[in-house]
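Read the structure below first, then the notes.
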DNA sequence: TCCTGAAAGCTTTTT
DNA sequence: GCTTTCAGGA
């Protein structure tokens, strides 16, 4: 047996060493799938004699791609080429990348086939949104009626399903509108010489589907294809992979690794059913289950198993481990998000002080980015180090987007989205009216904005010379713009043209040089550094971008070429592509120590000894949208998200939920997540730290209560918290509680809430008998209006006193 | 055209 | 509660 297979368990070894034919690996969390993938690549090369350039390995994140490259290299050594120091392609010939980066490479090579200029640029979600909005305006659709975001995601969905504007068959009126916007949107992208993320996939897949010559070219090139996270593929990705794998000789060497239970990207078109589709399309496939977990304790896995069993459509797996039982998963109820954060910090300090673990071993995970705020504030207050992953993305910062828009515009002057962004930043007297006039005029002549500007500056003949089609007569007439407007526009184009010329002649050593020049010459830096701290901070961010740009030097070679099919790339080319396809969540990890804060989505693929899952409440996890939609698929996806969080933990896992939470500036009463109910209570422990209760704020709020409930389960704790809440002067009461209806009706948000007819009267009154789904029949002892809902305190015989929200508890009056 | 204060809208999740 | 957009006046 080869060295590559030792230390693998039997199913892992089988997966690695199956050379020919399709393979489907259903890999549970922590089952060593990355090892399987990397060793398989090594095995194909070393044992099966496959040439590295015939292998394509696809991942979903840059981080996974990088890790894969590093690990393959660690096994094989760098034998396939001489890299430039620091950044050049290693393992030359072997293609490893994300779907998007690989598609971008193919399209850059096949640019003519799709009718683009070679210097096309990539639009990110922000650019997409800006473009949709611009088009809504252009088509005179009211943004209030047709939400740009809704239309953007509709367009995105269509593209992910490979539906072109021509093929789109609208079913409803909204579809019709979206379809028209879609058509115009695609047209504008082409004019702008730009593609969005979804285009990268759609255009590549359609190209490979429709062009026999190109399909055969890439089929021949990649005879072995590996796909990680197969459950996250969308229609376009699935088809692309299928087209490539089904080569004329019928090799079908497609190696798919995935876990239906970890599919959490439905919202961007991922369909876990592709895993089942694979089984249908490749009936001869070898299916391998990896059920042994090397990451977590049995206690954690039991919780994970118990939860995920509630999903209906899945391949059953029973995770097991030899890591030992470990400690029981702990559940804690906090009063609100502030105490939630405080308790988590207390616990973290306790762990760090009482063991060899450091802050870097700990992660806090939540459903939405907004939840990080309260945590951060507490961390800052306590002077605990933390790192926030992915919240305000670096490349989405205003100053970064501005700078990149400048660079992008210089690279591709047809880019109207970049032009929109910076034409008047810093202000140069080109206001909305002037700019709108320019756009209209350009549209009438049928030129792009840059050409229109050039006509202003040099006259129509100058532009006509460089065009295939002649300019209409209108171009030779005086532009419909005021003298002042024309002066301002000419001033701008003088600069822009200078930068473009510089770029064309490659009169810069690195992209950083080019950037410096543009930033200074445009006056952007001066405006940015306005003497405020914020200005300095933004400038520092700009310097960080400059640092990246400095690595892109004249004459450098492609960072991750598609071997044998390379084309010439300038440093600027490569810089812009890299910037567009990389997200900073890819980078963070290795930086300094500190507790990691991140969403459950970004947590996928990672592992930590200690994991806190906070905000374990209905309406957060599962998210309110998924509850409201009533779609079982939505709910199951939320459950998978929860499952992903649980299975990140190696040693200890905490579920934390709060009784009330400030959301959108209002106080909202929260119920513990329904997912917690799905976990047998003997798998959980829910004690309250007694010391803490006596010493902290929490104790102040709760100490008046009898001590008999000290070691109670979370149900009792929620009772305790609810009582403490009414004993408190909470924010909500400031607005008037009980019978004070005046303030309520003055609050606009309250009036607009459709469900509430009158805020002053309660539906449930003292001594009413009510039926509760879980606790049975009880007697109302208090009721009041709160947060637009009704908060009812009920005594249940034999259970105790509970405070519930009428709308959530589905209370029936008897 | 730019500045200011008020109002609306926002919060899933990401390549 | 915070950010973005809008309206109105200079």
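In our numbering, the protein residues as written are 4 to 817.
Where is the CB? At the ideal position from N, CA and C, for every residue including glycine.
For clarity, every value in this text was computed on a predicted model and none was experimentally measured.
Would you mind sorting residue i into buried or exposed? The rule is 16 or more other CB atoms within 10 Å of its CB.
i	result
residue 103	buried
residue 632	exposed
residue 711	Its pLDDT being 29, under 50, residue 711 is placed unreliably in this model, and the value from its coordinates should be taken loosely. The residue in question, residue 711, is exposed, as its Cβ has fewer than 16 Cβ neighbours within 10 Å.
residue 479	exposed
residue 522	buried
residue 693	Bear in mind that a pLDDT of 33 at residue 693, under 50, signals an unreliable position, so the model cannot answer this.
residue 402	buried
residue 365	buried
residue 786	buried
residue 235	buried
residue 635	exposed
residue 55	buried
residue 206	buried
residue 343	buried
residue 130	buried
residue 817	exposed
residue 667	exposed
residue 504	exposed
Looking only at C-alpha atoms, which of the options sits nearest to residue i?
i	options	result
residue 606	319, 28 and 268	268
residue 70	766, 41 and 149	41
residue 582	682, 407 and 681	407
residue 654	306, 689 and 422	306
residue 448	101, 472, 381 and 461	472
residue 554	34, 530, 200 and 514	514
residue 141	312, 186 and 668	186
residue 292	76, 128, 615 and 13	13
residue 376	392, 361 and 797	392
residue 244	352, 252, 218 and 264	218
residue 460	154, 501 and 161	501
residue 613	360, 769 and 488	360
residue 223	211, 19, 794 and 383	211
residue 239	194, 314, 161 and 15	161
residue 263	274, 254, 270 and 255	274
residue 452	495, 429 and 481	495
residue 616	319, 374, 248 and 781	374
residue 152	139, 348 and 772	139
Skipping 5 residues on each side, what residues in its chain have a beta carbon closer than 7 Å to that of residue i?
i	result
residue 491	431, 432, 433 and 437
residue 467	473 and 474
residue 189	168
residue 609	651
residue 512	556 and 557
residue 541	402 and 531
residue 585	65
Spatial neighbours of residue i within its chain, please: C-beta separation below 8 Å, excluding the five flanking residues on both sides.
i	result
residue 47	22, 53, 58 and 227
residue 498	524 and 525
residue 323	294, 295, 296, 301 and 304
residue 133	420, 423 and 424
residue 644	267, 370, 603, 604 and 624
residue 673	620, 621, 622, 623, 660, 661, 662, 663 and 664
residue 193	118 and 119
residue 310	642, 645, 646, 649, 678, 681 and 682
residue 506	413, 414, 517 and 575
Report back the beta-carbon spacing between residue i and residue j to the nearest angstrom; my notes put them in contact at under 8 Å.
i	j	result
residue 294	residue 648	Not a contact, Cβ separation roughly 20 Å.
residue 137	residue 158	14 Å between Cβ atoms; not a contact.
residue 821	residue 418	Coverage of the chain is limited to positions 4 through 817, which leaves residue 821 absent and any answer about it impossible.
residue 332	residue 678	12 Å between Cβ atoms; not a contact.
residue 465	residue 457	6 Å
Considering only residues of the same chain and omitting the five flanking positions on each side of residue i, which have a CB-CB separation below 6 Å?
i	result
residue 676	619, 620, 621 and 624
residue 415	122, 124 and 196
residue 120	196
residue 79	45
residue 537	none
(Q) Suppose only complete runs of 4+ residues qualify. What are the alpha helix (DSSP H) ranges in the region 319–393, listed by chain order? (A) 340–357 and 375–385
Q | Whole beta strand (DSSP E) elements within the region 565–639, 3-residue minimum | A | 598–602 and 611–616
**Q.** Segments of 3+ residues assigned as beta strand (DSSP E) that fall wholly inside the region 241–309
**A.** 257–261 and 289–293
**Q.** beta strand (DSSP E) runs wholly inside the region 453–530, at least 3 long, in chain order
**A.** none
Q | Sequence ranges, beta strand (DSSP E) only - wholly within the region 114–143, length at least 3 | A | 124–126
Q: Entirely within the region 156–202 and at least 4 residues each: give me those alpha helix (DSSP H) ranges in chain order.
A: 176–195
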